[in-house]
């Protein structure tokens, strides 16, 4: 009778010929499946999500729906050209060609690219410029190839970087020869430098040709050359580019500009104090209108070698463009100016362009007299912040300082071709009388702005942000959660989407602001509702508490981030920067104007300071105990406020009266204290706290630096990191041994998620939900109808599930493994669970399919025999293992 249940996989044990044939079929199937998945990955462009889409959601409806939406979103059937004429169908492509050829393919006749040499205050040395043109090595070329993303859009030749990586043994040598030929000959073929222009809408419901941003799709060979040159430039940019710029400079951050901007606009809401003005300037088509002659002049003035300048010149002069519209390529024109968004070197070249504005502004200030250029707005000083094409200039509230700015903008326009977009530029005033305001707006006809404004993606305000000001962040998360495509994701898929995407969306805001508690709760509610109910906020659908879900995977959770703890960790990063005196514009400002000779921990907030910095000071009590000092000379460590003893800062150990009674004060350094102690603690301190002063007086090392460290959860002094900081703030949870049998390498997300809930004893079985209802409710197992179901009954005490589990154990060799869930959990908890990947898949897959069959019977009244369920588990695991082996080989 047993023979009738033999399936196609049972025959494998008895017939080696069939086994070999079936293995080849599996291999062909997986190759075809991988090809289809690769196709849809390219079409869908789900960058973060494709890292985790595995068996549970691979090549599923989610992929197809993303492709469908992207196709509909990118389709352009009609357009309004720059003159206001409505064009549709066949004429749309020509409108785009004419529009972008009008500025990318035409030289601006007004531009005079001559930059006087006296403007350049810094430049490369001869040895540095020669080092940049040293011979290109094969290792540099290979590194550039393998650091281009696999899923980056291909250029006109249709090849992605993944092709070159996969076929490196075949084509690698030819590619290296081609790159070497460019650097040695100094000539680039125009065919290599041809570019496809794709268009991304800058605004919702884009209808005008000006509403689209051109993105350049370059050939991989060109990208490799560009990336090699960019890597040669990067180490020297920090010495050439002033501190006002933080974009694309190694060691600088976008948060520096945001924090600095808040310091400069502090007090703009008041009607008292010195008059001030701020101008947020939008440059018209900044990347697309840069004059090439001006750029090369800047490179030469900064000391770049003529050979290096020739490389850049060839990359610019040989460029040509076609456009891609609705999946078709059309048009052709040669480039005459502008930098390509999508070219690896363009961001670094643009920082050099914007450095010219800094040089011009400084020169205009010096020529105007009565000005002193420094990082502040005292008296008539002018300062500015720049991040890519975002320009923020702060001046005095008088016409003279505004005229200096206008003169600098005019000179910059004449030299580079970049000019302000009047319609998108704003002017802000602080305590400027109406008459002066009218004169200033006549000089610089920007529209008057009102705080808060959006600056570098976040609100910028002179007063503390309200909860309503965080609405864009919350709405963005909600929009992503309620996106109709997410309805096609399984529990495993939703778990990974929360981890990889949703919890990353607020990191940028958290890295700058202390989020209000109501915003934190609202965001976590969005994640929770999405995980358990696909965005439905109805109660009763959460199977595991959010606190347990947010524990690390090794501690029995899903590894989600607690937003509050991570927010405090990000703010602690700013405190770390201040204590270590990181070289940044904002840190230098805080030390110069606020901290001075005081201790950071004793600093008293003032209302004249920015609200952002005052919120950072508010977090000191939460993180102070984690910042400890390793003593060198002891000269820079505050004896009273800093933590340099194992017992903590002296302020927590003894009273201030006993500290000052020994002749010390708030600015006493550790070195001064230890020298005065002369090898032994004061008797009064020892009597007051004998435990804290039981240790010897620390030894100092003359000339050695005092180093600040972060104390991790184990009490070790380490360098600061956001991850370790959040772990320290949250504390330690006990390790859970069974997690490694659930979330192992190569797990199937939907299997493991169900297994995780079962291991937490949180599946809504009848023995649990029966206690939720009042009255007499008769419940029975949907699989066997013998008794109420429970974890122990379903896994695998039920006659139905016992039959499935028995066959699975025989099929995959799980001999001697327990039968009941309580025994299984005991084995897993003692680290005696299955060690092989196929055995772990067998356990989690059986749990998943038994639970699925139980729900199918309860809610859909659909039944299947145990042999069918067994075959489903077996087939999926066999297919997955074949896929896994192929993946490891490739």
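Residue numbers (full-length UniProt numbering): 1 to 890.
The beta carbon of each residue, even a glycine, is placed where N, CA and C say it ideally should be.
1. I'd like the span of the alpha helix (DSSP H) that includes residue 621, first residue to last.
2. With distances taken from CA atoms, which of 313, 581 and 651 is nearest residue 189?
3. Counting C-beta neighbours from all protein chains within 10 Å, is the total for residue 713 16 or more, i.e. buried, or is it exposed?
4. Could you pull the start and end residues of the alpha helix (DSSP H) that residue 396 belongs to?
5. So, at 7 Å on beta carbons, what are the nonlocal neighbours of residue 113 in its own chain, with the 5 sequence-adjacent residues on each side left out?
6. Could you give the distance in angstroms between the alpha-carbon of residue 94 and the alpha-carbon of residue 512?
7. To the nearest angstrom, report how far apart residue 44 and residue 729 are at their CA atoms.
8. Let me know the alpha helix (DSSP H) ranges lying completely inside the region 82-145, each 4 residues or longer, listed in chain order.
9. Which residues does DSSP list as the beta-bridge partners of residue 194?
10. Which same chain residues, not among the five before or five after residue 345, have their C-beta less than 6 Å away from its C-beta?
11. When the Cα of residue 140 is compared with those of 579, 655, 122 and 176, which residue comes out closest?
12. So the candidates are 437, 404, 558 and 818; which of them puts its Cα closest to the Cα of residue 736?
13. Where residue 572 and residue 634 are concerned, what is the direct C-alpha to C-alpha distance, given to the nearest angstrom?
14. How is residue 678 classed by DSSP in three states: helix, strand or coil?
15. Between the region 358-366 and the region 104-124, can you find at least three pairs of beta-carbon atoms closer than 8 Å?
16. Can you give me the C-alpha to C-alpha distance between residue 402 and residue 588, rounded to a whole angstrom?
17. Rounded to the nearest angstrom, what separates residue 732 and residue 724 at their Cα positions?
18. Using a 10 Å radius around the Cβ and a threshold of 16 neighbouring Cβ atoms, would you call residue 29 buried or exposed?
19. With a threshold of 8 Å on Cβ separation, who are the neighbours of residue 566 within its own chain once the five nearest residues in sequence on each side are excluded?
20. Assign residue 875 to buried or exposed, taking buried as 16 or more other Cβ atoms, counted over all protein chains shown, within 10 Å of its Cβ.
21. I need the straight-line Cα distance from residue 321 to residue 154, nearest angstrom please.
22. For residue 467, collect the residues of the same chain with a Cβ closer than 7 Å to its Cβ; drop the 5 residues on either side in sequence, then sort them by chain order.
23. Which of the three DSSP states, helix, strand or coil, is assigned to residue 455?
24. Which one of 822, 881, 818 and 766 has the shortest CA to CA distance from residue 858?
25. Do residue 574 and residue 255 have their beta-carbon atoms positioned less than 9 Å apart in this structure?
26. Assuming residue 162 and residue 145 form a contact by the criterion Cβ under 8 Å, report the distance between their Cβ atoms to the nearest whole angstrom.
27. Would you say residue 706 and residue 670 are within 9 Å of each other, going by their C-beta atoms?
28. What is the rounded straight-line gap between the Cα of residue 527 and the Cα of residue 285?
29. Compute the Euclidean distance between the alpha carbons of residue 319 and residue 212, then round it to the nearest angstrom.
30. Which same chain residues end up closer than 7 Å to residue 688 when comparing Cβ atoms and leaving out the 5 residues on each side of it in sequence?
31. Taking Cβ positions, are residue 159 and residue 87 nearer each other than 9 Å?
32. Give the single residue among 504, 696 and 661 whose Cα lies nearest to the Cα of residue 480.
33. In three-state terms, what does DSSP make of residue 469?
34. With DSSP run on the structure shown, which of helix, strand or coil describes residue 710?
35. Alpha carbon to alpha carbon, what distance is there between residue 591 and residue 327?
36. Would you call the region 259-276 and the region 416-424 in contact, with 3 or more CB pairs under 8 Å?
According to the structure shown:
1. Walking along the chain shown from the start, residue 621 turns up at place 621. Per DSSP, residue 621 is one residue of the alpha helix (DSSP H) stretching across 620-623.
2. Against the chain shown, residue 189 aligns to sequence position 189. Of the listed residues, the one whose Cα sits closest to residue 189 is 313.
3. Working through the chain shown from its first residue, we reach residue 713 at position 713. Per the 10 Å Cβ criterion, exposed.
4. As a working note, residue 396 is residue 396 in the chain shown. Looking at the DSSP string, residue 396 is not in any alpha helix (DSSP H); the run it does join, the beta strand (DSSP E), is 390-396.
5. Position 113 of the chain shown, counted from the first residue, corresponds to residue 113. Hits under 7 Å: 291, 293, 294, 297 and 415.
6. As a position in the chain shown, residue 94 is number 94, starting the count at 1. As a position in the chain shown, residue 512 is number 512, starting the count at 1. Take the alpha-carbon of residue 94 and the one of residue 512: they are about 44 Å apart.
7. In the chain shown, the residue the question calls residue 44 occupies position 44. In the chain shown, the residue the question calls residue 729 occupies position 729. Only weak support is given to the placement of residue 44: the predicted model assigns it a pLDDT of 48, under 50, and the value that follows is read from those uncertain coordinates. Answer to the nearest angstrom: the Cα atoms are 38 Å apart.
8. Entirely contained in the region 82-145, the alpha helix (DSSP H) runs reaching 4 residues are, in chain order, 91-104 and 126-132.
9. Within the chain shown, the letter at position 194 stands for residue 194. Beta-bridge partners of residue 194 (DSSP): 320.
10. Taking the chain shown and counting its residues from 1, the one referred to as residue 345 is at position 345. A distance below 6 Å between beta-carbons, with the five flanking residues on each side excluded, links residue 345 to the following residues of its chain, in chain order: 226, 229 and 230.
11. As a working note, residue 140 is residue 140 in the chain shown. Looking at the Cα atoms, 176 is the closest of the given residues.
12. Here residue 736 refers to the residue found at position 736 of the chain shown. It is 558 whose Cα lies nearest to the Cα of residue 736.
13. Position 572 of the chain shown, counted from the start, is the residue given in the question as residue 572. Position 634 of the chain shown, counted from the start, is the residue given in the question as residue 634. Linking residue 572 to residue 634 through their CA atoms gives a straight-line distance of about 23 Å.
14. Mapped onto the chain shown, residue 678 falls at position 678. Note: residue 678 maps to coil in three-state DSSP.
15. Contact between the region 104-124 and the region 358-366 is present: 3 or more CB-CB pairs across the two stretches fall below 8 Å.
16. In the chain shown, the residue the question calls residue 402 occupies position 402. In the chain shown, the residue the question calls residue 588 occupies position 588. Straight-line Cα distance between these residues: approximately 26 Å.
17. Counting from one through the chain shown, the residue named residue 732 turns up at place 732. Counting from one through the chain shown, the residue named residue 724 turns up at place 724. Taking the CA atoms as reference points, residue 732 sits about 11 Å from residue 724.
18. Within the chain shown, numbered from 1, the residue matching residue 29 stands at position 29. Exposed.
19. For the purposes of this step, residue 566 is identified with residue 566 of the chain shown, where counting begins at 1. 507, 510, 722 and 726, listed in sequence order.
20. Looking up residue 875 in the chain shown gives position 875. Looking at its Cβ environment, which holds fewer than 16 other Cβ atoms inside 10 Å, residue 875 is exposed.
21. Numbered from its first residue, the chain shown carries residue 321 at position 321. Numbered from its first residue, the chain shown carries residue 154 at position 154. Going by the C-alpha atoms only, they are around 14 Å apart.
22. Numbered from its first residue, the chain shown carries residue 467 at position 467. For residue 467, same chain residues with a beta-carbon under 7 Å away, outside a window of 5 residues either side, are 516, 518 and 519 in chain order.
23. Along the chain shown, one-based indexing puts residue 455 at 455. In the structure shown, residue 455 sits in a strand (DSSP, three-state: E or B).
24. Position 858 of the chain shown, counted from the start, is the residue given in the question as residue 858. With respect to the C-alpha of residue 858, the residue from 822, 881, 818 and 766 having the closest C-alpha is 766.
25. In the chain shown, the residue the question calls residue 255 occupies position 255. In the chain shown, the residue the question calls residue 574 occupies position 574. Contact: yes.
26. Within the chain shown, numbered from 1, the residue matching residue 162 stands at position 162. Within the chain shown, numbered from 1, the residue matching residue 145 stands at position 145. The pair is not a contact, with the Cβ atoms about 10 Å apart (cut-off 8 Å).
27. Residue 706 sits at position 706 when you count from the first residue of the chain shown. Residue 670 sits at position 670 when you count from the first residue of the chain shown. Judged by beta-carbon spacing, residue 670 lies within the 9 Å limit of residue 706, meaning their Cβ atoms are closer than that value.
28. Mapped onto the chain shown, residue 527 falls at position 527. Mapped onto the chain shown, residue 285 falls at position 285. So the alpha carbons of these two residues sit roughly 38 Å apart.
29. Sequence index remark: in the chain shown, residue 319 carries index 319 (1-based). Sequence index remark: in the chain shown, residue 212 carries index 212 (1-based). So the alpha carbons of these two residues sit roughly 21 Å apart.
30. Position 688 of the chain shown holds residue 688. Taking C-beta separations shorter than 7 Å and ignoring five residues to either side along the sequence, the partners of residue 688 in its chain run 654 and 658, following chain order.
31. Translated into the one-based positions of the chain shown, residue 159 becomes position 159. Translated into the one-based positions of the chain shown, residue 87 becomes position 87. No.
32. As a first step, residue 480 must be located in the chain shown, where it is residue number 480. For residue 480, the nearest C-alpha among the options comes from 504.
33. Residue numbering aside, residue 469 sits at position 469 when the chain shown is read from its first letter. It is helical.
34. Indexing the chain shown from 1 puts residue 710 at position 710. In the structure shown, residue 710 sits in a strand (DSSP, three-state: E or B).
35. Within the chain shown, numbered from 1, the residue matching residue 327 stands at position 327. Within the chain shown, numbered from 1, the residue matching residue 591 stands at position 591. Their backbone Cα atoms lie some 55 Å apart in a straight line.
36. Contact between the region 259-276 and the region 416-424 is absent, because fewer than three Cβ pairs lie under 8 Å.
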